[in-house]
Structure formats: C-alpha cells, structure tokens
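Residue numbers (full-length UniProt numbering): 1 to 509.
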C-alpha cells in the first residue's frame, strides 16, 4: 500500500525534495555502487590465490540477495512512514510500492540500498576463504535484518536515536560500525583459516597487493559519493555542506594514510606494509564519515589521524587475539567508526537550517549530552549487529552448515565452488601439500611423486655439493618470500625438502 504521508527524504532533511536534489542523490548513489568493485578488488587481493574468484562472486551475491531482501522489506522497515511507525521500526514502502510519480522515494531507495549492500560486503571480508557459498547466499538475504533497524533508529521517522539527537551524516555507525561488528561476530564464530595462526606451517599469503591498491583507489572515489551524497541535495545551502564534506573526506584519508605509513615504518623496520597502509587510509575515511559535512578541513586531518591509528592498532590486536579477519574489516570499519562517532561529539558545528540537530561538539561550546548520545548509538548498533549476526549464523550452521570442510578449504573455494583450476593432489596429504600451487610450472620440474631411488645417483655424484649449496640460497629465498615450499617434512630420518622457486626449479634432497 502506498504511503500518503511525507517522503523518507523529507523526514531526513526537514524539507521537500526537488528534482535537483533527487538528481544529486541518484548521481551519488551511482558512485557509491562502484564501491562494490573496490571492496571486491581489495578482498580478492588479500585472500590466497585459490580463493580470489570466489570472494569476487560473494561481492556480487551481496548485491543480489541483500538487494532482494532490502526491496521486499528492508527499505520499509528502515524508512517507512505509515501508521504503525515507531521508535524501533518503520512501516510502509514494502516492495517499494509507491505511485509512479514519487521519484524522490525511488531515489532514496536506490541510495539507501547502495549503503545497505556496503554493510553486508564488509562482513564478507571477515568470512573470506572458509565460508560455504550457498550458506553465504542465505546470510546475505537475512543480513538486511541486521542493517535495517539501526538505519531506522538513526535516520528514520521517529527513530529512537534520531529523537535523542544522534548525529551520523553518512553512516559511521549506521553502516560501518554495524558492518564491522557483524564481521567481528562472524570471524569469531567461523574461527581462523587453516594454518593462519600455526607457526609451524606456511600462513595464507595474499595473492595481489596490486588489486588491494587498485581497490583502495576505487573506494576512495566511492567514499566521496558516499559522504557528499549524504547531504541529500544541493539546493539552498546544502551544496556548501556537500563541498565541505568532499574536503573533509579527502583530509580524513590523508590523515589516516600518514599515520599508517609512520606506523608501518616503525613496526616493520622501515618497510611499508601495504595491508597496514590501506587499513590506516580506510580507517581515516571511516572516521570522518559521521561528521564530514560539519567539520573544518584541519579537523578532518586530525580525526583521520586518530582513525587510522586506531585501525592499525586494532588490526594488530586482532592478530594477537587470534581472530582471523583476512581483510581487516573489523579494525577498519568498527574500530575507526567508534572513534568517528566520538569525534562528532567533540568537533561538530551544526547547521540547524539544513535539517541537522542543533547540538554542538564539546570543543565548540556544546554539552556532554551529545557525547552520551553518540556513545549510546555505538553501543546499541554494535550490540544489535553482534546479536543478530550470531543468531543468523547459528541457524544457518544448524541447517545447511556455513563453514567449508577441511578438505574443501584446502582445495580452495575457486575449485570447490566454481570448478576453477585443478584438484591439488591427495587431500589427505593435508595442508602442507597445498602451500603453493603452480598451474604454470615448467616441464623440467621434478614431480613430487618421483621415486627416491631416482635421486640416489645424485646423492653419489659430484653434483651433490653444488645442490647443497643451492639449498642455502633457496632457504634464503623462502625467508624473503620470493619462493615457497611445496612440501616440508621435518625431524625425520629420511629428510625431504621440495621447493619451487620463481624460476620453476624443484629440488629434492
């Protein structure tokens, strides 16, 4: 049934929306939609090579299944304004059923669907390399229940947190904290990838730092649409807020990038670790999301600095706690988001005329009340995300199962779920036999199935001395990660080491 009351956009901004504003919203939503490509590239670069296609598929799954549920009920529960709408949930706009001439509702729907799919995509990174694809499809569909209610509380008509005066311009809490908290719950429930925290075995290696950086550039671009578009228009004085949001967003990324570079150089003996660099930069972007239109440019730098620092610190803390988050989603989105919500209570300068709360930050002469409201928003949205995600994953696990079997995980999702590549040998040989798979290995490689007697002549020959010398060089290459061991058996009388180097030379002694 069509709504006969105010549109969700009018509820957000406090004034009717014209075609100029709707055009701005649609354009911003197009840009936000490209963030899926950025997330996909970052995630595909951070996972091992045997899972890179699968994680890209899951980013498409996010749009399809979370988009379906958002159309069916998510948008209505978030922004419905019909009779029955209350502090907890909206009512109306189910199946986006509105008169054909209410274009502002369709514009709002598209924009908010892009945000909702972003929150789901954040979780996919935390679940990477060990999640059953069919189970993930089901999770993507029900995850809308995790995102839509916090959206209503923060932005919807009569929303609980909105009525208290919470300030979250572009989804610091409503998108990033919800996604990061859900990702934390998923990572803990699934447990780490095989070998991730086993010091005696080769750890999973990211397959492409180039993809990670390219994805970061795409997210950078998308974040501008994300934050600038959240002014919901350019008429009146709103174009000034959008312009300020662009500058503050860029400055936040600058601050996050600077602290990430310094952090990596100090921690990693003056080498720049790409995942750390990207984590800090994204942390800076997340941290200014809540205040982007209400801060000064220099404040964007400061907020981004702390956001990047908290993201880097939390990323290392997750490793120490042995919580496996392959893409650093929790550190980037949850950790930086909490700081971002606090930063609003410190630095915000309000623009009452444009539909925002008139509360000011502590550093601008405001009271402590806003800080309390911002912290309450963090607590409520994070708790909701964790609890609902745990329930959803528990039910999925009890019905169809959510984690891959050990054998499937060793084979890789690309082969198991999509038939890409070749089966990697004897599954019972375990994880060691799958440490390095080279589909393009040259013909002169010695097979791992060669009989040991084939090497007896080598052991008795003059070549043995040179081969032993080469082994020391190979071990140095392994330490530098320029080549990888295929099979390594230690503490046996019949010691065997097989190595494939970047030149395709396999040595057996």
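Where is the CB? At the ideal position from N, CA and C, for every residue including glycine. In this text, all values refer to a predicted model and were calculated from it rather than measured experimentally.
Exposed or buried, which one is residue 112 when buried takes at least 16 other CB atoms within 10 Å? buried
Stretch pair the stretch 129-148 + the stretch 327-336: three plus CB contacts closer than 8 Å: no
Collapsed DSSP secondary structure at residue 121 in the structure displayed: helix
Please classify residue 34: does DSSP put it in a helix, a strand, or coil? coil
Considering only their Cβ atoms, is the gap separating residue 334 from residue 184 smaller than 8 Å? yes
In angstroms with no decimal places, state the Cα-to-Cα distance between residue 46 and residue 198. 19 Å
Tell me which residues share the same chain as residue 31 and place their Cβ nearer than 8 Å to its Cβ, disregarding the 5 neighbours each side in the sequence. 221, 222, 224, 225, 226, 229
C-beta atoms of residue 79 and residue 156 nearer than 8 Å: yes
From residue 399 to residue 68, what does the alpha carbon distance come to, in whole angstroms? 22 Å
Between the C-alpha atoms of residue 52 and residue 61, what's the straight-line distance to the nearest angstrom? 15 Å
Residue span of the alpha helix (DSSP H) that contains residue 243, given as start and end: 238-267
Contacts around residue 65, its chain only, beta-carbon distance under 7 Å, and the 5 residues preceding and following it disregarded: 137, 140, 141
Sequence-distant residues of its chain with Cβ nearer than 7 Å to residue 452 (five each side left out): Confidence at residue 452 is low in this model, with a pLDDT of 36, below 50, so the placement of that residue should be treated as unreliable; the coordinate-derived value is given next. Within the same chain, residue 452 has no close Cβ partners at all.
Quick check: does the Cβ of residue 194 come within less than 7 Å of any heavy atom belonging to the ligand SAH? As presented, the structure is devoid of all ligands, the ligand SAH included, so that no description of it is given.
Could you please give the first and the last residue of the uninterrupted alpha helix (DSSP H) stretch that includes residue 350? Looking at the DSSP string, residue 350 is not in any alpha helix (DSSP H), and its letter there is neither H nor E.
CA-CA distance, residue 415 and residue 50? 7 Å
Got a sec? Which residues, its chain only, sit under 8 Å from residue 20 by beta carbon, not counting five neighbours each side? 233, 234, 235
Other residues of its chain near residue 295: CB distance less than 6 Å, five sequence neighbours each side excluded: 248, 347
Under DSSP, the alpha helix (DSSP H) around residue 53 begins and ends at which residues? 52-61
Which residues share a DSSP beta bridge with residue 131? 403
Go ahead and pull the three-state DSSP assignment for residue 325. coil
Beta-carbon proximity check, residue 256 vs residue 280, cutoff 8 Å: yes
Tell me which residues share the same chain as residue 420 and place their Cβ nearer than 7 Å to its Cβ, disregarding the 5 neighbours each side in the sequence. 53, 414
Out of 100, 107, 76, point me to the one whose CA is closest to residue 92's CA. 76
Distance check for residue 177 and residue 43, CA to CA, integer angstroms please. 19 Å
May I ask you to report which of helix, strand or coil DSSP gives residue 205? coil
Jot down the residue ranges of each uninterrupted alpha helix (DSSP H) in the stretch 369-417, minimum 4 residues, whole runs only, in chain order. 369-399, 406-411
Cβ of residue 304 within 8 Å of Cβ of residue 278? no
Check whether the Cβ atoms of residue 322 and residue 192 lie closer than 8 Å to each other. yes
Consult DSSP for residue 320 and reduce its assignment to one of helix, strand or coil. helix
Taking all protein chains shown into account, do 16 or more other C-beta atoms lie within 10 angstroms of the C-beta of residue 124, making it buried, or fewer, making it exposed? buried
Would DSSP call residue 315 helix, strand or coil? helix
Find out if the Cβ-Cβ distance for the pair residue 207, residue 340 is shorter than 8 Å. no
If you reduce the DSSP assignment to three classes, tell me which class residue 157 lands in. coil
What are the start and end residues of the alpha helix (DSSP H) that includes residue 78? 75-79
Using a Cβ-Cβ cut-off of 8 Å (strictly less than) and excluding sequence neighbours within five positions of residue 48, which residues of its own chain qualify? 129, 204, 205, 206, 207, 412
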